[in-house]
Amino acid sequence: MNIGQAADASGVSAKMIRYYEQIGLIRPPTRTDSNYRVYGSDEVHVLRFIRRSRTLGFSIEETSALLALWQDKTRASGEVRDIASEHISALETKIAELESMVGTLKHLVHCCQGDNRPDCPILDDLAGTNSKTKGH
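This is the structure:
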């Protein structure tokens, strides 16, 4: 199948397939005499693996490590577990940061009158000039 068909079958855009090839995440596919890429079911399976890994938020580097482990039938599952556990920790940190942002924004929205006056505690906070909302 050509790159467009592989993209449809895997859910990874043709642009991303080319990018993954360029950075070495996937092996370059075989090419026709006309220099078109040719993909088989194995390559599509790899692309689906990558798509799922990226959907779960794994970085390119983590995805590369997981892909290598997936392809290594003698792997130790503990290595996979360690990568996933580290990723969970990073996600939990990011969630805490996002929840803090939401709390700050809720407080600022609560402080904003939302009327026709030019006073705006949200903009003041962004500018670092509102002492009433500091510390939130």
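In numbering that gives the first Met the number 0, the protein residues as written are 0 to 135. We put the beta carbon where it would ideally sit given N, CA and C, even for glycine. Here the structure is a predicted model, which means the values were calculated and not measured.
{"Item": "Thr31 (DSSP reduced to helix, strand or coil)", "Value": "coil"}
{"Item": "Given 8 Å, three or more beta-carbon pairs between the stretch 112–124 and the stretch 76–92", "Value": "no"}
{"Item": "Buried or exposed (CB count within 10 angstroms, at least 16 for buried), Tyr35", "Value": "exposed"}
{"Item": "Beta-carbon proximity list for Gly23, same chain, < 7 Å, skipping 5 on both sides", "Value": "none"}
{"Item": "Beta carbon proximity, Ser9 to chain C, threshold 7 Å", "Value": "In the structure shown, chain C cannot be found, because there is only a single protein chain."}
{"Item": "Through-space distance from Cys110 to Leu125, alpha-carbon basis", "Value": "14 Å"}
{"Item": "CB-CB length for Arg50 against Ser9, believed under 8 Å", "Value": "6 Å"}
{"Item": "DSSP state of Val11 mapped onto helix, strand, coil", "Value": "coil"}
{"Item": "Terminal residues of the alpha helix (DSSP H) in which Gly77 lies", "Value": "76–110"}
{"Item": "Simplified DSSP assignment, three categories, for Arg26", "Value": "coil"}
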